[in-house]
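Shown next, in structure tokens, is the structure this report addresses.
Protein chains: 2
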Amino acid sequence: MLRTHTCGELRIADINKTVTLCGWVQKTRLMGGLTFIDLRDRYGITQLMISDSVSDKEGYARECVLKVTGIVIERESKNKNLETGDIEIKLQHIEVLNTSITPPFTIEDETDGGDELRMKYRYLDLRRNVVRKNLELRHRLAIETRNYLDKQQFIEVETPVLIKSTPEGARDFVVPSRMNAGQFYALPQSPQTFKQLLMVSGFDRYYQIVKCFRDEDLRADRQPEFTQIDCEMSFIEQEDILQTFEGLTKHLFKVVKGIDIPKIPRMTYANAMKYYGNDKPDIRFEMKLVDLKATTSGKNFKVFDDAETVIAICAKGAADYTRKQLDELTEWVKRPQIGATGLVYARVNTDGTLKSSVDKFYNEDDLKNWAQVCEAQKGDLILVLAGSEDKIRKAASELRLEMGNRLGLRDKTKFSCLWVVDFPLLEWNEGDPNLLASLAGRWHAKHHPFTSPKPEDIELLKTNPGNVRANAYDLVINGVEIGGGSIRIHNKELQAQMFKILGFDTEEAQKQFGFLMNAFEYGAPPHGGIAFGFDRLCSLFGGADSIRDFIAFPKNNSGRDVMIDAPSEISLEQLNELAIKTTI
Amino acid sequence: MLRTHTCGELRIADINKTVTLCGWVQKTRLMGGLTFIDLRDRYGITQLMISDSVSDKEGYARECVLKVTGIVIERESKNKNLETGDIEIKLQHIEVLNTSITPPFTIEDETDGGDELRMKYRYLDLRRNVVRKNLELRHRLAIETRNYLDKQQFIEVETPVLIKSTPEGARDFVVPSRMNAGQFYALPQSPQTFKQLLMVSGFDRYYQIVKCFRDEDLRADRQPEFTQIDCEMSFIEQEDILQTFEGLTKHLFKVVKGIDIPKIPRMTYANAMKYYGNDKPDIRFEMKLVDLKATTSGKNFKVFDDAETVIAICAKGAADYTRKQLDELTEWVKRPQIGATGLVYARVNTDGTLKSSVDKFYNEDDLKNWAQVCEAQKGDLILVLAGSEDKIRKAASELRLEMGNRLGLRDKTKFSCLWVVDFPLLEWNEGDPNLLASLAGRWHAKHHPFTSPKPEDIELLKTNPGNVRANAYDLVINGVEIGGGSIRIHNKELQAQMFKILGFDTEEAQKQFGFLMNAFEYGAPPHGGIAFGFDRLCSLFGGADSIRDFIAFPKNNSGRDVMIDAPSEISLEQLNELAIKTTI
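The listed protein sequences derive, respectively, from chains E and W.
Going by my numbering, the first sequence opens with residue 1, and the numbers climb by one from there.
Going by my numbering, the second sequence opens with residue 585, and the numbers climb by one from there.
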């Protein structure tokens, strides 16, 4: 080792020791003929003291790499913000291991570098304490996940990355095969079929922290490659999965954040949609959606009378919202992303009187009814949206979240977990520009094609597929879908029926999933599983909104790694060997 | 849970308990009006007893899935080979969870299925105890590796899978980008540059158990996707890497196999070639190569006199080899893979007399000299090869290993570890059909282009590149290269010099590795690392020669997954979206 200690470990007890440290120059200061250097490594910062003025030398510039030897002494003015703040090193010897040109942005918690610059020089951005801590958190979460599942007798099995293209939802990335010219591998969107095969193989409990790939047009919080905690169990029912992964969730919160999570409540998909307008409700706060249709009907207010749906939320303590604030909120709900045509409000004033934006149609008694239905109390503000069911329930959900933000009800250090259960098995897909054309305009698996319907709903498959509930469940934390899974179909006739409903003909189903359907001929056990979005879990634990800073080398919204400049052109020689050419 | 216990856990202490088990029918036997079923799951086998003859029913055929309830009773005739052999379950209730058609091969430790069939039905092959145990071993090795490195303050960081194509050695798999038409990602052959960037970022200690990809023509023990334990450390010297990963190796042997590995010896590359003809010597046995050129010269034996190199090995206790055995061995060394033109032998008989196949040229005194140089004793057999240095040293190495096999000196339950150090930095490449044409006929990095020369040899780079030794090292166990690594160049001028020697012009080096060379401008620390072949490590621990049965879903020698039938053709629609077409 070039060093005897790290920059994070020396304390008062080490005084008078001769030590050697290595690290980067964070800062150099001259004071009264002395030079002070903050030397930084992954473990911390230690102050160096030189009885001389050396600041003008190249080797002491920011981000230079030093190896220094000296004696640990007690500081005159201690720094309580630093773990090593009681001591400093009186230097006897300095060796410059490497110099540095001036970085394009400051290596500080609050940097002056913009996103683009930070991405291009990611290796410098990763030097920043805040970014490195995110990745340390990620490592801790991975280790603790593995150890928990290992103790529960799960086996981590690596499934292949070079697999076969399947028509499941989003687009596959493909890999031309040189040895099998004209043919392609695909990168897995998930190890779904392999983990089911492992259950057929009797592995009983499988997990894997695994990279998955999806060639979608990227949004801010999506990456073309992402990581899942992928799990599957045999001889279990839904309840066993919920218990096991509630255990994992509690374990992670306990050991990584020191938080005791209470028993995780459960909500049906139907109730989530009814009360939150959303299948991943943020239950850190109430403010449930209230159906105000019956209460508001027949008072000649055409907007409400004509609307399919009238939904209210009660914003606690917001009756003092000014006219200006309400106008601004009205503009907010009218934005295309929200899609409402307007916003009606009713204040429950602190003196008990009520005042609405539609007093022309509703008298104080009417408004009292509103308040009663909404459980609004003195000082509360009722906000009402009206329109078509689909649009308005979604808009009300957005408004609820927005009011949650404005009222400070979405504290990132508070965590509310929720199981959403009883998802619909199928959803009708009118055709989506993000899907291949062959998948548009038909029943589409809400979860995936191997999800089991609830046994009591199987009969409905023939008559009313849209009403069939699935043995499917999501783990939602703070309004973010962290995990999702289902009990799988282990019966080959039922699986064949599902493929038929999803519009795969027998030949297509056999071609795409034949190996799984064949495997089911040889004694498939009842099984089910779950997958957690690991990047998302890390960002949630880190109190951040974006996953990007929890990934060491992320890609931008065009799927580019701007640091290494990938993707890039390849040589004609390579293309020829692969028997492909580009058509642009 | 559908079960109360697994099929591996019931013992005498459980007698009289009512239990429910789930599993697969391994075997059904009728005996004296009773039916006995061996029920199997991942954890073991439990015998079920039914007071009836039920063997003819479909649900009790091999590999059917049962859920059974009954009472644990003591067996009359105990089975000591089974952990549950003291008890059996007297059944009260049987539920057939799933039926099975007859498997294409027997699910037994010794199966009647050939390789092709087992690969096609890999999900059934994985039911076999021996294969599953291999993957359980793999899981254990991964968990123990992670926990060891975690305790040493290594952080696991996931590096990207979609990266940029580089001209390093073998071929890259590439991935066409839809969003960046005409451009391609590449799959990583190793995370080499990323782990070096992480050191520049100050991560200090990195590891990752990571999939890597190499589009090579496959040999029996190669896979297009393989797994590495990839590590890198900062502020260290070669000695620190050797110590740290000697620690990991000892830890794995201790906790996974209960074996105490002594201090791992070290050998220079030069000595490995001299004494073993091989840079990964199997030191479970001696039988070193002996230079017999001087000893045999000038006796008018033209074959030896004309040969560049004359090498002997001494096979202990093999003097009783018959003429027939020696003729057969002579044929063996003449095979094209070995490439010798013939084999000379000299027996040291148990009575002390000597007898050779070249008595016409060498008298008993001459042969005594041979015996002395070879340290041959009574009862030993000296085998001599002669020819050109390159060919004969390799042939002698092969002969040594073959004799080791024949004499039973290569026990798979014995493990001899070795560090091979001081590798040459460069090797001259005459052109290799496995490499891209642009890489042929020039200096090639023996390890990789970022490997540091030994400081004392740097001057030789200008005058005699072939003699420069690298700070590079391999961990060899039982003649298998398990790990390899090096101290890296952290100085940008030295790196530029290396690229120049390797034939990258400045522009090309900047295009391919610019981001790494740029990163080195900002204070790169001294660093180095190592990567272990994880598949190979697992097969070594499992006492096997092939890695294939330590990979859940391996590919065959044509890079095909015959179970899922990948690679395969993709739709014209997919090709169009990716802006490529095939040219076959």
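Heads up, the beta-carbon is just placed ideally off N, CA and C, and yes, glycines get one too.
Given the structure is predicted, the values throughout are model-derived calculations rather than measurements.
Open item on the list: I'd like to know if Phe1137 (chain W) contacts chain E, where contact means its C-beta is closer than 8 Å to some C-beta of that chain.
Closed with: So, interface residue.
TODO: Output yes or no for whether 8 Å exceeds the beta carbon distance between Asp125 (chain E) and Lys748 (chain W).
DONE: No. Outside cutoff.
Task: Within chain W, partners of Lys581 (chain E) - CB distance below 9 Å - done: Chain W residues near Lys581 (chain E): Ile1164, Lys1165, Thr1166, Thr1167.
- [ ] Give a yes or no on whether the minimum CB-CB distance between Cys606 (chain W) and chain E is below 8 Å.
- [x] Chain E, which has a Cβ nearer than 8 Å to the Cβ of Cys606 (chain W), makes this yes.
Task: Within 8 Å, strictly: CB atoms of Arg994 (chain W) and Asp866 (chain W) - done: Yes, these two residues count as a Cβ contact at 8 Å.
TODO: Taking all protein chains shown into account, decide if Ile482 (chain E) is buried (16 or more other Cβ within 10 angstroms of its Cβ) or exposed.
DONE: Buried is the call here.
Task: Status (buried if at least 16 other CB within 10 Å, exposed otherwise) for Ala376 (chain E) - done: The residue in question, Ala376 (chain E), is buried, as its Cβ has 16 or more Cβ neighbours within 10 Å.
- [ ] Would you check if the distance between the CB atom of Arg536 (chain E) and the CB atom of Ile547 (chain E) is smaller than 8 Å?
- [x] For Arg536 (chain E) and Ile547 (chain E), yes; Cβs fall inside 8 Å.
Open item on the list: At the 8 Å Cβ level, is His1111 (chain W) part of the contact set with chain E, yes or no?
Closed with: For His1111 (chain W), the answer is no, since every Cβ of chain E falls outside 8 Å of its Cβ.
TODO: Quick one: grab the DSSP three-state call for Cys958 (chain W).
DONE: Helix at Cys958 (chain W).
- [ ] Verify whether the separation of the beta carbon atoms of Glu225 (chain E) and Phe213 (chain E) is less than 8 Å.
- [x] Less than 8 Å divides the Cβ of Glu225 (chain E) from the Cβ of Phe213 (chain E).
Open item on the list: The alpha helix (DSSP H) that contains Met273 (chain E), what's its start and end?
Closed with: Secondary structure note for Met273 (chain E): its alpha helix (DSSP H) is the uninterrupted segment 269-276.
Task: CB contact check: Val175 (chain E) to chain W, cutoff 8 Å - done: At least one chain W Cβ lies under 8 Å of Val175 (chain E).
Open item on the list: Can you find the residues in the same chain that come closer than 6 Å, C-beta to C-beta, to Ser941 (chain W), ignoring five residues on each side of it along the sequence?
Closed with: Excluding sequence neighbours, Ser941 (chain W) sits near Val928, Tyr929.
- [ ] Can you tell me the Cβ-Cβ gap for Ile673 (chain W) and Val649 (chain W), rounded? I've got them flagged as a contact below 8 Å.
- [x] About 16 Å separates the beta carbons of Ile673 (chain W) and Val649 (chain W), which is beyond the 8 Å limit, so they are not a contact pair.
Task: Cβ contact (3+ pairs, closer than 8 Å) linking the region 375-393 of chain E and the region 438-455 of chain E - done: Inter-segment contact for the region 375-393 of chain E and the region 438-455 of chain E is absent: fewer than three beta-carbon pairs are separated by less than 8 Å.
Open item on the list: In whole angstroms, give me the CA-to-CA distance for Thr20 (chain E) and Glu821 (chain W).
Closed with: Straight-line Cα distance between these residues: approximately 15 Å.
TODO: Evaluate Gln610 (chain W) with the Cβ neighbour count: other Cβ atoms within 10 Å of its Cβ, from every protein chain shown; 16 or more gives buried, anything less gives exposed.
DONE: Label assigned to Gln610 (chain W): buried.
- [ ] Might you give, ordered along the chain, the residues of its own chain that have their beta carbon closer than 6 Å to the beta carbon of Asn737 (chain W), omitting 5 neighbours on each side?
- [x] With the sequence shown as reference, residue 737 (chain W) is identified as Gln, and Asn is not the correct amino acid for it. Close CB contacts of Gln737 (chain W) within its chain, under the 6 Å cut and outside five residues either way in sequence, are with Arg789 (chain order).
Task: Supposed close pair Ala319 (chain E), Asn349 (chain E) - CB separation, criterion 8 Å - done: Rounded, the Cβ-Cβ distance is 6 Å, consistent with contact.
TODO: Give the straight-line distance between the Cα atoms of Asn464 (chain E) and Trp443 (chain E), rounded to the nearest whole angstrom.
DONE: When only Cα atoms are considered, Asn464 (chain E) and Trp443 (chain E) end up about 12 Å apart.
- [ ] Determine, using beta carbons only, whether Ala970 (chain W) and Val1060 (chain W) come nearer to each other than 8 Å.
- [x] The answer is no: Cβ separation not under 8 Å.
TODO: Count the other CB atoms, across all protein chains shown, that sit within 10 Å of the CB of Glu116 (chain E); report buried if there are 16 or more and exposed otherwise.
DONE: With fewer than 16 Cβ atoms within 10 Å of its Cβ, Glu116 (chain E) is classed as exposed.
TODO: Assign Val741 (chain W) to one of three DSSP states: helix, strand, or coil.
DONE: Coil, per DSSP.
- [ ] Please check the pair Glu398 (chain E) and Ile313 (chain E), which I expect to be a contact at CB under 8 Å, by giving their CB distance rounded to whole angstroms.
- [x] About 11 Å; that fails the 8 Å criterion.
Task: Under 8 Å between C-beta atoms of Phe173 (chain E) and Val759 (chain W) - done: Yes. Within cutoff.
TODO: Kindly list the residues whose CB is nearer than 6 Å to the CB of Ile209 (chain E), restricted to its own chain and excluding five residues on each side of it in sequence; keep chain order.
DONE: Residues Ala142, Ile229 of the same chain have their beta carbon placed closer than 6 Å to that of Ile209 (chain E), with the five preceding and five following residues left out of the count.
Open item on the list: I'd like to know whether the C-beta atoms of Asn300 (chain E) and Phe361 (chain E) end up nearer to each other than 8 Å.
Closed with: Yes. Within cutoff.
Open item on the list: Strictly below 9 Å CB to CB, what residues from chain E border Ser774 (chain W)?
Closed with: Correct list: empty, because the minimum Cβ distance to chain E is about 14 Å.
Task: Contacts of Val745 (chain W) in chain E (Cβ-Cβ under 9 Å) - done: By Cβ distance, chain E contributes Val161, Leu187, Lys211, Phe213, Glu225.
Open item on the list: Could you check whether the Cβ of His723 (chain W) sits closer than 8 Å to any Cβ belonging to chain E?
Closed with: At least one C-beta of chain E is nearer than 8 Å to the C-beta of His723 (chain W).
Open item on the list: Once the 5 residues before and after Lys939 (chain W) are set aside, which same chain residues still bring their CB inside 6 Å of it?
Closed with: In chain order, Arg931 place their CB closer than 6 Å to the CB of Lys939 (chain W), counting only its own chain and leaving out the 5 sequence neighbours on each side.
TODO: Kindly list, in the order they appear in chain W, the residues whose Cβ is closer than 7 Å to that of Tyr182 (chain E).
DONE: This sequence places Gly at residue 182 (chain E); Tyr is not what is there. Close partners of Gly182 (chain E) in chain W (Cβ separation under 7 Å): Glu1153, Thr1166, Ile1168.
Open item on the list: For Lys651 (chain W), count the other beta carbons within 10 Å of its own beta carbon; 16 or more makes it buried, fewer makes it exposed. Which is it?
Closed with: Buried is the call here.
Task: Span separating the alpha-carbon of His835 (chain W) from that of Asn1062 (chain W) - done: Whole-angstrom Cα-Cα distance: 18 Å.
- [ ] Check the Cβ of Pro103 (chain E) against every Cβ in chain W and list those closer than 7 Å, keeping chain order.
- [x] For Pro103 (chain E), the C-beta contacts it makes with chain W under 7 Å involve Tyr1106, in order along the chain.
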